[in-house]
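Structure first, commentary second.
Numbering (UniProt numbering), first residue to last: 1 to 410.
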């Protein structure tokens with residue numbers, strides 16, 4: 001006995017649940033339960049019916065019901081006049097009954113429709129407007145590109161990302177979309193089991209769930225298990241590791257900060273200041289970088305993460321160039337010192353005088369011969385730092401003051 005066809009109200013409610021426009025949908029019903037997968041059914045339908053986009057499936061009253069979504073209005077889709085669609089599934093033929101939704105009466109008439117029918121003349125301005133509209137439509141289509149797939153599986157496929165990477169990319173793309181219904185649809189299209197099952201459970205429990213609710217549920221299921229408090233402590237206790245460059249340390253801090261923002265512990269307006277403050281506190285092996293970039297003076301108006309990263313990487317590159325020049329000049333200086341000291345070591349030791357115990361350069365411009373109080377030059381922080389480092393490295397010469405005893409008195 002054939003099962004009763006679903007009512008128009010049932011089909012409309014199903015469309016709302018699946019975020020499908022009723023005007024672009026129709027219902028196909030098979031008498032009996034189909035054992036074929038939904039993927040196989042969709043492949044067979046695509047070979048038979050044009051403009052089909054997706055299929056939603058459910059079993060009800062000992063029958064399989066298929067809600068089909070089309071690229072255009074279902075009334076414009078060419079279907080068999082018999083009222084049935086014949087599919088070849090698993091070597092057998094299956095008949096599906098067609099149930100169209102109620103016809104929507106159109107009362108709107110557009111100028112473009114009249115022009116296309118030849119009832120109104122066209123002008124160059126209208127052609128330009130049409131071209132502009134087509135260009136805008138292409139831009140909108142490009143901005144609505146699909147999200148990268150995500151399953152949450154322990155062994156993800158090659159085209160999938162880990163959760164932290166996926167959700168950051170997804171949020172960036174979804175911010176370009178204003179319609180929350182479209183956001184929800186794009187999230188569902190990107191998900192694979194078991195992640196897709198999480199959203200299905202959420203929709204059953206909370207039919208009015210938003211795209212933010214979708215991402216929040218995925219965060220609970222696949223995000224880090226640390227609480228907001230634990231992440232806050234981790235961020236403020238993170239320091240530069242030995243062998244870690246400042247830019248690598250900054251990137252590691254930013255990763256923790258992103259997770260803090262997702263947990264709602266840090267406001268987006270305060271993230272730049274928080275990142276700069278911890279970067280200054282956590283640098284252990286490259287303190288001169290903080291001085292050269294004058295980062296402590298920028299705390300009141302902190303740069304963004306990308307601006308700070310650019311400054312740090314540029315400083316790292318400059319230091320690498322200086323080190324490479326020093327490594328090339330070092331062998332020449334060692335050879336010259338060796339030839340000068342050969343045969344005159346004893347004379348050199350007698351004439352050697354201890355290094356000044358005080359620096360004799362200006363703390364404002366870095367030049368010798370005068371002091372900061374009477375300096376007429378412009379400040380040069382880098383030259384002052386270089387002179388100070390050179391003074392510290394040269395030490396105290398022979399290790400004793402002029403006129404001091406060489407040996408302790410007997």
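Quick reminder that beta carbons are idealized off the backbone N, C-alpha and C, glycines included.
What do you get for residue i, buried or exposed, if any count of 16 or more other CB atoms within 10 angstroms of its CB means buried?
i: residue 152; result: buried
i: residue 371; result: exposed
i: residue 7; result: exposed
i: residue 93; result: exposed
i: residue 80; result: exposed
i: residue 302; result: buried
i: residue 26; result: buried
i: residue 184; result: buried
i: residue 83; result: exposed
i: residue 74; result: buried
i: residue 141; result: Because residue 141 sits at a pLDDT of 48, beneath the cut-off of 50, its placement in the model cannot be relied upon, and the following sentence gives the value as read from the coordinates. Per the 10 Å Cβ criterion, exposed.
i: residue 384; result: buried
i: residue 157; result: exposed
i: residue 311; result: buried
i: residue 284; result: exposed
i: residue 203; result: buried
Rank the options by C-alpha distance to the C-alpha of residue i and give the top, closest one.
i: residue 236; options: 267, 203, 270, 275; result: 275
i: residue 380; options: 322, 366, 99; result: 366
i: residue 59; options: 91, 384, 37, 48; result: 37
i: residue 251; options: 318, 293, 307, 145; result: 307
i: residue 66; options: 15, 47, 88; result: 15
i: residue 90; options: 39, 116, 362; result: 39
i: residue 317; options: 304, 296, 289; result: 289
i: residue 98; options: 46, 30, 88, 42; result: 30
i: residue 100; options: 269, 320, 304, 12; result: 12
i: residue 477; options: 304, 281, 305; result: With the chain running from 1 to 410 in the structure shown, residue 477 is simply not present.
i: residue 49; options: 35, 87, 22; result: 87
i: residue 180; options: 390, 169, 208, 284; result: 208
i: residue 300; options: 272, 326, 283, 168; result: 272
i: residue 168; options: 158, 258, 10; result: 258
i: residue 320; options: 298, 286, 203; result: 286
i: residue 96; options: 115, 225, 35, 28; result: 28
I'd like the span of the beta strand (DSSP E) that includes residue i, first residue to last.
i: residue 65; result: 63-70
i: residue 9; result: Where residue 9 is concerned, there is no enclosing beta strand (DSSP E), although the alpha helix (DSSP H) it sits in stretches over 8-17.
i: residue 53; result: 52-59
i: residue 377; result: Counting along the chain, residue 377 falls outside any beta strand (DSSP E), and DSSP gives it neither H nor E.
i: residue 84; result: 84-89
i: residue 94; result: 92-100
i: residue 31; result: 25-31
From what residue to what residue does the alpha helix (DSSP H) around residue i run?
i: residue 247; result: 246-262
i: residue 228; result: 228-236
i: residue 191; result: Element bounds for residue 191: n/a, residue is neither H nor E.
i: residue 221; result: 211-222
i: residue 39; result: 38-48
i: residue 151; result: It is not in any alpha helix (DSSP H) - residue 151 carries neither H nor E in the DSSP assignment.
i: residue 291; result: 287-293
i: residue 168; result: 163-174
i: residue 278; result: 271-282
Which residues in the same chain as residue i place their Cβ atom closer than 6 Å to its Cβ, once the five residues preceding and following it in sequence are excluded?
i: residue 71; result: 51, 53
i: residue 266; result: 260
i: residue 388; result: none
i: residue 174; result: 183
i: residue 195; result: 150, 151, 152
i: residue 77; result: 51, 70
i: residue 313; result: 247
i: residue 56; result: 18, 67
i: residue 45; result: 52
i: residue 391; result: 359
i: residue 10; result: none
Ignore the nearest five residues each way along the sequence and tell me which others in residue i's own chain have a CB closer than 8 Å to its CB.
i: residue 199; result: 187, 188, 191, 214, 217, 218
i: residue 33; result: 59, 62, 63, 64
i: residue 256; result: 231, 234, 235, 238
i: residue 278; result: 235, 236, 238, 253
i: residue 292; result: 315, 381, 382, 385
i: residue 42; result: 52, 54, 55
i: residue 148; result: 159, 160, 161, 166, 169, 170, 190
Using only the heavy atoms of the ligand SAM, determine whether one of them is closer than 7 Å to the beta carbon of residue i.
i: residue 286; result: Summarising the ligand content, the structure contains no ligands, and the ligand SAM is consequently not present.
Whose C-beta lies closer than 7 Å to the C-beta of residue i among residues of the same chain, with five residues either side of it excluded?
i: residue 263; result: 228, 231
i: residue 69; result: 20, 24, 25, 53, 54
i: residue 368; result: 360, 361
i: residue 309; result: 247, 250
i: residue 375; result: 362, 364, 365
i: residue 304; result: 272
Please report whether the beta-carbon of residue i lies at a distance below 8 Å from any beta-carbon of chain C.
i: residue 156; result: As a matter of chain content, chain C is missing from the structure shown, which is built from one protein chain.
Check whether the segment 206-217 touches the segment 230-248, taking contact to mean three or more Cβ pairs, one atom from each stretch, closer than 8 Å.
With a cut-off of 8 Å, the segment 230-248 and the segment 206-217 do not count as touching, because too few Cβ pairs lie within range.
Three-pair Cβ contact test at 8 Å for the segment 213-230 versus the segment 145-163
yes
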